[in-house]
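Written out below as structure tokens is the structure these notes cover.
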Amino acid sequence: MTNPIIFWLITILVVGSALAVVLLRNIVHSALFLIVTFVGVSGLYILLQADFLAAVQLLVYAGAVAILIVFGVMLTVRGDIKNSNMFNSYKLSGGIVALVFFLIVERIILKTDWVLSTAAMPESTVGPIADSLLGNFVIPFEVAAVLLLVAMVGAILLARGEGKPQ
Amino acid sequence: MITLYHFLILGALVFSIGLYGALAKRSAVAVLMGVELMLNAVNINLLAFDRYLNPGSLSGNIFAIFVIVVAASEVAVGLALIINIYRDRLTTNVDEFDWLKW
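Those sequence lines, one after another, are chains A and B.
Using this note's numbering, the letters of the first sequence map in sequence onto residues 5 to 170.
Using this note's numbering, the letters of the second sequence map in sequence onto residues 683 to 784.
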């Protein structure tokens, strides 16, 4: 069973660093706290006994996506880096929307009667995931491969810019 | 005793924080960060459902893998768009991307 102390520690880490991502004024600090959030979420995956997804989360999110975002920051931000991550004119109304959304979802979660199952997770999830990906889910798996290829080629074309020789 | 409710509320909280970031930040890169937070919250929910409602099938794990694939390609294309617009306009502030207005 999940250890409550570990769960609450990871929860504080994830929520605190997610708040830091949104509220800090320096976008480089935001990007670094985004990596902390991703690592904390991978700890949650371990608590949920999804060992393969925890590894993927560390590799893809904390490794690749966060580094891409740091690249985006470094290639674009100009001016005073201390005030590079300011709020726009929707600071108040956006906060109200997010808060109302959270309260509605929280009510729905607490009111629903979830049909809990007592069956145990598989000892290792890698083998069953591979069986599903190459069995029932083989079409979405191949489409995901094509999507990644198209996105990669499109990103290269877009970032290269047209008509400008490299 | 940690139950499904804890994980779902945590997912809703992270999603709301990401929604706030995506709605209220000025920099387009910060908006992308908010979207990433929301996708992570969805993955927490998917894995929690998988663990507590239907542990044998692992379909939540499969869906989380597809969400991660889409998130990775979304970040790549989004950053390429931001860099392209930045080259044109020398800004990444979403409230200055207004040249479709008349």
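Backbone N, C-alpha and C define an ideal beta-carbon position, used for all residues, glycine too.
Here the structure is a predicted model, which means the values were calculated and not measured.
- Taking 4 residues as the minimum length, the alpha helix (DSSP H) runs contained wholly in the region 71 to 121 of chain A are 95 to 115, in order along the chain.
- With a threshold of 8 Å between beta carbons, residue 90(A) makes contact with chain B.
- Using a CB distance cut-off of 8 Å, residue 771(B) does not count as an interface residue toward chain A.
- DSSP lists 775(B) as the beta-bridge partner residues of residue 709(B).
- Counting along the chain, the unbroken alpha helix (DSSP H) around residue 146(A) starts and ends at 142 to 164.
- In the assembly as shown, residue 711(B) is a buried residue. Its beta-carbon has 16 or more other beta-carbons within 10 Å.
- Between residue 72(A) and residue 757(B) a beta carbon distance of about 5 Å is seen, short of the 8 Å cut, so the two are scored as contacting.
- For the 8 Å CB-CB criterion, residue 37(A) and residue 58(A) do not form a contact.
- For residue 737(B), no alpha helix (DSSP H) run applies, since DSSP gives it neither H nor E.
- One alpha carbon belongs to residue 686(B), the other to residue 133(A), and they sit about 22 Å apart.
- For residue 22(A), the enclosing alpha helix (DSSP H) stretches over residues 8 to 27.
- Residue environment analysis places residue 727(B) among the buried positions, since at least 16 neighbouring C-beta atoms fall within 10 angstroms of its C-beta.
- Closest in alpha carbon position to residue 755(B), among 697(B), 702(B), 721(B), is 721(B).
- Taking the C-beta atoms as reference points, residue 684(B) is found no nearer than 8 Å to residue 129(A).
- Secondary structure at residue 135(A): helix, using DSSP grouped into helix, strand and coil.
- Only 68, 69, 72, 73, 75, 76, 77, 79, 80, 81, 82, 88, 89, 90, 91 from the region 68 to 91 of chain A bring a Cβ to less than 8 Å from some Cβ of chain B.
- Within the same chain, and ignoring the five residues on either side of residue 768(B) in sequence, the residues whose Cβ sits closer than 7 Å to its Cβ are 774.
- At a beta-carbon threshold of 9 Å, none of the residues of chain A lie near residue 779(B); the nearest stands roughly 11 Å away.
- Counting along the chain, residue 43(A) sits inside the alpha helix (DSSP H) bounded by residues 31 to 51.
- Note on geometry: alpha-carbon atoms of residue 123(A) and residue 742(B) lie some 15 Å from one another.
- Sequence-distant partners of residue 745(B) (beyond 5 residues in either direction) whose C-beta falls short of 8 Å from its own C-beta, in its chain, are 728.
- Going by DSSP, residue 55(A) is part of the alpha helix (DSSP H) stretching over 55 to 60.
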